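Number of protein chains: 2
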Amino acid sequence: MIRSMSTLKINDKPYIVNPLIWSRRREEAYRRFVEDIEIGYVDRDIIDFIELIFRKKTVFSTSSCSGRITIVDAMFPWLRDEAFIVFKKHEPISSIEIMEFITRNTPTYRFWLIVSGPIIHLNALTLESAIRILSIARESGFKHSGIISISENGIIIEIISGVWTSFLLVDRSTPIVTDIQRIVDIANDILREGKARLQKLFNAFKELDI
Amino acid sequence: MIRSMSTLKINDKPYIVNPLIWSRRREEAYRRFVEDIEIGYVDRDIIDFIELIFRKKTVFSTSSCSGRITIVDAMFPWLRDEAFIVFKKHEPISSIEIMEFITRNTPTYRFWLIVSGPIIHLNALTLESAIRILSIARESGFKHSGIISISENGIIIEIISGVWTSFLLVDRSTPIVTDIQRIVDIANDILREGKARLQKLFNAFKELDI
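Which chain is which? The protein sequence lines are A and B, in order. Note that the first sequence covers residues 223 to 432 in this note's numbering. Note that the second sequence covers residues 223 to 432 in this note's numbering.
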């Protein structure tokens, strides 16, 4: 599977992605991916893309999301601790389900409706692959993509676009939005925009020999 | 100024940040920074930090923002083309100025109030510096930071956090928000959270020998 060792020299200090560790992690990630499909956990819109990535020799995927709409109960929409995802869908939503949700529930903090575009984490064996991936990601509309860490475990790339929007729905018990239908329509448009970029990236990956 | 050449070897193919090009770009960036201060263009909350960065040997800053609140007229808040920044401040805002703005103006598309945390672009000479910067950026709360490109011109790092929130204020001529004062208070809290992280990053950079 692995044909070459990725040995970087930085100011004459060797810098290595360890191919044995990398390869073990790749196998674990693949096993997890197959298990997730079996239990129906994987986000359907991204399965073909992840399968394509696993056919490449110098990169694999560790986590991925095709884009989603959530309601989060939190002070601020970026929080992970003291934040609760109380609603989640990878497909378009209806105003009825959102209306029902906010009339039946009161937030501990605030209810934010959040639409996120796709986020994909990849682990590359070589810096060369990582640079080529970054370049096609940017061309496909994922302008905030970057290498987020480099170690013997691999070169971790986050593929992400600016497609992300929050709407404050309820602050404590005060409704903030005058027109839920309008917010829902915009949220669905944003979700579809994210999925369109994912499709573009998928097509670009098909041509990529790494 | 530059003590070592950054020569990377990737699968035995040399990969080089050209120190002459890098150094010329560093000088240009510094000249631009000084000019921006002279004409009062630079965002005041970030001047000391950028000056500190220019005292490091293997990194310089190409662009930076300490965090800001804008109103953008656009279909979606991430757009750059067909999007107009119609209001911009690097300090807290008042509900009066926002109310005045939206009663006096009608958007072509939509008015989004957007609060962004700090964004800093750095150019590193060596991969070693870049990796150390990424690591302290992450520790200081800038979790989405990454290396966004690598070429002979340098290793470009984007330092960015999840501190970013949009509020839809007006869609065509329909006001969306019931309580502007509340939105303004939350926006100001978010701006302050971003500036607090910037301060943390600034302190971490003081200790960084690169």
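From the three backbone atoms N, C-alpha and C, an ideal C-beta is built for every residue, glycine too. Just so you know, these numbers come straight off a predicted model, no measurement behind them.
Given that a residue counts as buried once 16 or more other Cβ atoms are within 10 Å of its Cβ, and exposed if not, what is residue i?
i: B:Asp-171; result: Since the displayed chain B opens at 223 and closes at 432, residue 171 of chain B lies outside it and no answer follows.
i: A:Thr-396; result: exposed
i: A:Phe-271; result: buried
i: A:Arg-419; result: buried
i: A:Arg-225; result: Because A:Arg-225 carries a pLDDT of 37, less than 50, the predicted location of this residue cannot be relied on, and no value is offered for it.
i: A:Leu-344; result: buried
i: B:Phe-306; result: exposed
i: A:Glu-319; result: exposed
i: A:Ser-383; result: buried
i: A:Leu-242; result: exposed
i: B:Gly-363; result: buried
Find the residues of chain A that neighbour residue i, judging by a C-beta separation of less than 7 Å, and give them in chain order.
i: B:Glu-380; result: Gly-368
i: B:Asp-393; result: Arg-404
i: B:Ile-358; result: Neighbours of B:Ile-358 on chain A: none; closest Cβ ~13 Å, over 7 Å.
Which bits of chain A does residue i rub up against, with CB to CB less than 9 Å?
i: B:Thr-387; result: Phe-298, Pro-299, Trp-300, Trp-334, Ser-388, Leu-390
Which same chain residues, not among the five before or five after residue i, have their C-beta less than 6 Å away from its C-beta?
i: A:Leu-356; result: Ser-367
i: B:Asn-240; result: Glu-374
i: A:Pro-329; result: Asp-295, Val-392
i: A:Gly-416; result: Gly-289, Gly-339, Pro-340, Val-385
i: B:Ser-388; result: Pro-299, Trp-334, Ile-336
Using C-beta distances below 8 Å, list every residue in its chain close to residue i, excluding the 5 sequence neighbours before and after it, in chain order.
i: A:Cys-287; result: Asp-265, Ile-268, His-312, Ser-338, Pro-340, Ile-341, Ile-342
i: A:Gln-421; result: none
Report all residues from its chain with a CB closer than 7 Å to the CB of residue i; omit the five preceding and five following residues, and keep chain order.
i: A:Pro-314; result: Asn-410, Leu-413
i: A:Phe-323; result: Ile-293, Phe-309
i: A:Phe-333; result: Ile-293, Asp-295, Ile-324, Leu-391, Val-392
i: B:Ile-402; result: Ser-317, Ile-320, Met-321
Whose Cβ in chain A lies nearer than 8 Å to the Cβ of residue i?
i: B:Ile-398; result: Val-399, Thr-400, Asp-401, Arg-404, Ile-405
How far does the beta strand (DSSP E) with residue i in it extend, from its first residue to its last?
i: B:Phe-364; result: Run containing B:Phe-364: none; DSSP gives neither H nor E here.
i: A:Glu-380; result: 376 to 382
i: A:Asp-258; result: Run containing A:Asp-258: none in the beta strand (DSSP E); it sits in the alpha helix (DSSP H), 241 to 260.
i: A:Leu-391; result: 386 to 393
i: A:Ser-317; result: Segment 317 to 326 is the alpha helix (DSSP H) holding A:Ser-317; no beta strand (DSSP E) there.
i: A:Asp-303; result: Taken as a continuous stretch (DSSP letters only), A:Asp-303 belongs to no beta strand (DSSP E), as it is neither H nor E.
i: A:Leu-344; result: 341 to 346
List, in order along the chain, the chain B residues whose C-beta lies closer than 7 Å to that of residue i?
i: A:Gly-384; result: Trp-300
Just to confirm the assignment, what range does the alpha helix (DSSP H) spanning residue i have?
i: A:Asn-410; result: 402 to 428
i: B:Asp-431; result: Counting along the chain, B:Asp-431 falls outside any alpha helix (DSSP H), and DSSP gives it neither H nor E.
i: B:Asp-270; result: 269 to 276
In chain B, what lies closer than 9 Å to residue i by C-beta?
i: A:Ser-371; result: Ile-353, Leu-356, Ser-357, Arg-360, Gly-368
i: A:Ile-291; result: Near A:Ile-291 there are no residues of chain B at all, since even the closest Cβ is about 14 Å away, more than 9 Å.
If I'm right that residue i touches residue j with Cβ under 8 Å, what's the distance once you round it to whole angstroms?
i: B:Ser-351; j: B:Ile-432; result: 4 Å
i: A:Ile-405; j: A:Val-399; result: 6 Å
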